[in-house]
Amino acid sequence: MSGLLGTMSIALSALGTEQGALEVTSNNVANLNTAGYSRQQPVIEESDPVVLGSLTLGTGVTLAKVQSVRDPILQLRIQEETQQQGSLNASVTSMQQAQVLFNSSSGGDIGSQISNFFSSLSQLSTDPTNVSLRQGVLTAAANLAGSFNTTANTLTEQRSSVDLEVSQAVQQVNTLTGQIAQINGQISDLQNIGQDASAFVDQRDVLIGQLSNLIDVSQIQSDHTLTLTTSNGTALVAGQQAFTLTTQPDSSGVQHIYAQGQDITSQLTSGELGGLIQVRDQKIPGILTSLDTLAAGLSNALNTANQAGFDLNGNPGGDLFVAPPASGQGAASSMAVAITDPTLIAASSDGTPGSNGNVAVLSAVHDQPAIAGQTPTDYYANLVFGVGSDVSNGTAELASTQLTLQQLQDQRGSISGVSLDEEASNLIQYQNAYQAAARVVDTVSQMFTTLVNMGAS
Amino acid sequence: MTAIRINPYPIPDLLSALAQSQQQQQTDLLQLATGRKINQPSDDPAGAAQLVQNLDQQSQADSFQRSMSSVNGQLSTADSTLNSVTTALQRAISLGTEGANGTLSDSDRASVATEVQGIQAQLISLANTAYQGSYVFSGTAQVQPFVADSSQPSGVRYDGNTGVNQVAIGNGYSLAVNVPGSQIFAAPGSDVFQSINDLITALQTNSNIGGAVNEVDTAYNYVTQQRVFYGNGMNQITDQQNNLNTETVNLSSQENTIAGADLSTVISNLVNSQTARQATLQAIGQTTQLNLFNFLPPA
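If you're matching them up, the sequences are chains A and B in order.
Be aware that the first sequence starts at 4, since it is given in the working numbering, and climbs by one per residue.
Be aware that the second sequence starts at 349, since it is given in the working numbering, and climbs by one per residue.
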């Protein structure tokens, strides 16, 4: 009798197992479009055999566990690449806006205005007493100063805008670390009772992915606790505790990021925050410094040249441009013409009103290597090259990173992605096994009936 | 058995390929619209830097051309003024020769002297010629260069100076654009006004008219020779204008090489990318259709 009952229970174990396996398949299919979902596999194991007399008999099958298929190393690589992408994306997007200011096709850029100014001097040299030609020089000078002002001020505005993005990114980081800490709690609750927390682990991976886009993240997994830090060791999440980041403006009004009281701004190297901070604190200030150098250099050289001559009234020439700040900082945004009276342009080299001798001295500034050893136009051309290659290199790196990321995602898909073909074929398999086991139950049931009816008349 | 699994989601890859091709299309369309392949520095950083230099050089060439037009006007005005001066001096010479004729009566000679006085006034006026509001022969002073002054032996006082202006007409190439009036009209030994004044006096006093006529003749030759300066200047300008015309063409062609879009390549790229886009869209449409679930037997 125990033989038949044993057989029945084996068949029943099969029914239960195949039904459980079917549930796993159903869950996979249901989560086909869930972001970050890792497909699950039923782990079906033979039950331990029993020894009955001289026979060792199997006792059926169990659904030992449901295992999610994921590659944690691959996940780490994806997150590293995501940080890189976030940083490059932020950097390239911001600098693409900045480089618009250095486009020569509009004719209003600094390079064109430098050319126009020296052209106006050239005109003046043919008729130095002509007041409208003199006014032409002042107008060209004002346009030149204006182009410096506009460029510097626009860059400063862009920097403020990036600063705002930094604040917003920090808020997003805090939201995410809060969510991750909470999920850590849910994961460790399940893992502590030996259960599989793969659904939450998948969700956490998605959150960590979003976090990686924003900031550089390192993971340390110990027992059932996950600790997240920045690449430089500042804690972001430790188990169920999230460490919020705060922002405070420094003396120049720019936001610095603090973690537990320490200023970590310059230590963030990757993610969107890393990229934004680099743009805000290094790239844009670098361009502004170059502009200041050029503006101050031009102003000083032209002032010196004007002072070497005599104006239309026979007096020694003064400053053409307002003297730039001694430190040079802010020279571009504050560059301005110092005179409004066209007769004050010192065209004469000897005090006679009709002499144009000093115009040559003013014009010579065009070819003087007075700006960090370069002529004004050369210096500007190099600046344009610098800005352009920053964007072009960044764009190339971004494209390459995106390609790598895509390949890694493809790899992840090939490991963890749900394949409908596979699930369908599993469905058929489990269904067949279920049907077969059901037939066994049927047969055993009939055999019971036969047994029970033995000896009945 | 471990089968090799492939990524079951090809759509993201296809979509990203679509996005890339769209971005390339936008770049191509912009090149088509602007006719330039450098629309921002990052399109070609080295090219953008070269473009800055090229545009500046073109601006310089334009400036030189404009300067030369202006200077040419000044030189040509001065030259034609001196032409009138020599004509007037020739007239004075023939008047003087006429006045030297011994058969002339005193009153006739006085009439000749008056005519020469008229020429003297004309010469002063010519010497004070202005071009676009500036005196041509005053050096770098801004005052009327020649003023009638009876206290002077030549009857005329030079109030200008000896300044000479140079104007750049090329890189490192400058041209002197004026000759001081004192050099042309009041040169010692060939003083135009002195000689005319002497002729007037000679006619009025009927003494040494022949000598005075020789003086005027010397002055006439001298002024003729002075005109060479202006002729040379205008020739140099013509040559330099031709040089700069060639240079402008070169610079313009260089600009096109650096920044001009290769329209035929751009257009063929656009056509190709349109074809590729259609193919990709079709592929996306097809790949989502079939999986094994479609083939399961109905329940």
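Positions of the beta carbon are idealized from the N, C-alpha and C atoms, including for glycine.
In this text, all values refer to a predicted model and were calculated from it rather than measured experimentally.
Where residue i falls, given that 16 or more other Cβ within 10 Å makes a residue buried
{"i": "residue 629 of chain B", "result": "exposed"}
{"i": "residue 458 of chain A", "result": "exposed"}
{"i": "residue 48 of chain A", "result": "exposed"}
{"i": "residue 470 of chain A", "result": "Limits of chain A in this structure are 4 at one end and 460 at the other, which puts residue 470 of chain A out of reach."}
{"i": "residue 417 of chain B", "result": "exposed"}
{"i": "residue 644 of chain B", "result": "exposed"}
{"i": "residue 302 of chain A", "result": "buried"}
{"i": "residue 329 of chain A", "result": "exposed"}
{"i": "residue 316 of chain A", "result": "exposed"}
{"i": "residue 22 of chain A", "result": "exposed"}
{"i": "residue 262 of chain A", "result": "buried"}
{"i": "residue 506 of chain B", "result": "buried"}
{"i": "residue 585 of chain B", "result": "buried"}
{"i": "residue 578 of chain B", "result": "buried"}
{"i": "residue 641 of chain B", "result": "exposed"}
{"i": "residue 318 of chain A", "result": "exposed"}
{"i": "residue 371 of chain B", "result": "exposed"}
{"i": "residue 58 of chain A", "result": "exposed"}
{"i": "residue 357 of chain B", "result": "buried"}
Nonlocal neighbours in the same chain, by C-beta distance under 8 Å from residue i, ignoring five residues either side
{"i": "residue 342 of chain A", "result": "141, 321, 322, 323, 348"}
{"i": "residue 88 of chain A", "result": "216, 401, 404, 405, 408"}
{"i": "residue 206 of chain A", "result": "39, 186"}
{"i": "residue 212 of chain A", "result": "39, 81, 82, 85"}
{"i": "residue 543 of chain B", "result": "560, 563, 564, 566, 567"}
Beta-carbon neighbours of residue i, restricted to chain A and to distances below 8 Å
{"i": "residue 644 of chain B", "result": "427, 430, 431"}
{"i": "residue 515 of chain B", "result": "128, 129, 359"}
6 Å Cβ shell around residue i - same chain, five flanking residues per side excluded
{"i": "residue 540 of chain B", "result": "533, 567"}
{"i": "residue 408 of chain B", "result": "none"}
{"i": "residue 546 of chain B", "result": "560, 563"}
Cross-chain neighbours of residue i in chain A, by beta carbon under 7 Å
{"i": "residue 354 of chain B", "result": "417"}
{"i": "residue 639 of chain B", "result": "423, 424, 427"}
{"i": "residue 374 of chain B", "result": "Simply none; closest approach about 13 Å."}
{"i": "residue 357 of chain B", "result": "416, 420"}
{"i": "residue 482 of chain B", "result": "130, 132, 357"}
{"i": "residue 291 of chain B", "result": "Outside the displayed range of chain B (349 to 647) lies residue 291 of chain B, so it cannot be described from this structure."}
Beta-carbon proximity of residue i to residue j, cut-off 9 Å
{"i": "residue 639 of chain B", "j": "residue 423 of chain A", "result": "yes"}
{"i": "residue 274 of chain A", "j": "residue 299 of chain A", "result": "no"}
{"i": "residue 94 of chain A", "j": "residue 278 of chain A", "result": "yes"}
{"i": "residue 624 of chain B", "j": "residue 369 of chain B", "result": "yes"}
{"i": "residue 400 of chain A", "j": "residue 28 of chain A", "result": "no"}
{"i": "residue 233 of chain A", "j": "residue 271 of chain A", "result": "yes"}
{"i": "residue 479 of chain B", "j": "residue 426 of chain B", "result": "yes"}
{"i": "residue 119 of chain A", "j": "residue 147 of chain A", "result": "yes"}
{"i": "residue 297 of chain A", "j": "residue 159 of chain A", "result": "no"}
{"i": "residue 359 of chain A", "j": "residue 488 of chain B", "result": "yes"}
{"i": "residue 615 of chain B", "j": "residue 402 of chain B", "result": "no"}
{"i": "residue 471 of chain B", "j": "residue 436 of chain B", "result": "yes"}
{"i": "residue 421 of chain A", "j": "residue 42 of chain A", "result": "yes"}
{"i": "residue 385 of chain A", "j": "residue 397 of chain B", "result": "yes"}
The ligand HEM heavy atom lying under 8 Å from the CB of residue i
{"i": "residue 375 of chain A", "result": "This structure lacks the ligand HEM, and indeed carries no ligand of any kind."}
Cβ neighbours of residue i in the same chain (closer than 7 Å, five flanking residues each side left out)
{"i": "residue 441 of chain B", "result": "561, 564, 565, 568"}
{"i": "residue 4 of chain A", "result": "Low per-residue confidence applies at residue 4 of chain A: pLDDT is 40, beneath 50, and the placement is therefore not dependable, though the value from the model is reported in the following sentence. There are no such residues."}
{"i": "residue 132 of chain A", "result": "315, 356, 357"}
{"i": "residue 443 of chain B", "result": "460, 463, 464"}
{"i": "residue 390 of chain B", "result": "none"}
{"i": "residue 434 of chain B", "result": "568, 571, 572"}
Neighbour list for residue i in chain B, Cβ cutoff strictly below 7 Å
{"i": "residue 355 of chain A", "result": "488, 489, 509, 511"}
{"i": "residue 103 of chain A", "result": "388"}
{"i": "residue 243 of chain A", "result": "Within 7 Å Cβ-Cβ: nothing; residue 243 of chain A doesn't reach chain B, min ~33 Å."}
Within chain B, partners of residue i - CB distance below 9 Å
{"i": "residue 366 of chain A", "result": "516"}
{"i": "residue 412 of chain A", "result": "355, 357, 360, 361"}
Within chain B, the residues that residue i reaches when beta carbons sit closer than 8 Å
{"i": "residue 106 of chain A", "result": "387, 388, 389"}
{"i": "residue 363 of chain A", "result": "514, 516, 522"}
Within chain A, partners of residue i - CB distance below 9 Å
{"i": "residue 394 of chain B", "result": "388, 391, 392"}
Identify each residue in the stretch 368-401 of chain A for which the Cβ-Cβ distance to at least one residue of chain B is less than 7 Å, and report them in chain order. 380, 383, 384, 385, 387, 388, 390, 391, 392, 394, 395, 398
Give me the subset of the stretch 396-407 of chain B whose CB atoms are less than 7 Å from a CB atom of chain A, sorted by chain position. 396, 397, 399, 400, 401, 403, 404, 407
For the stretch 137-158 of chain A, which residues have a CB atom closer than 9 Å to at least one CB atom of chain B, in sequence order? none
Given a limit of 8 Å on CB to CB distance, which residues of the stretch 408-419 of chain B reach chain A? Listed by position, the residues of the stretch 408-419 of chain B near chain A (Cβ gap below 8 Å) are 408, 410, 411, 412, 414, 415, 418, 419.
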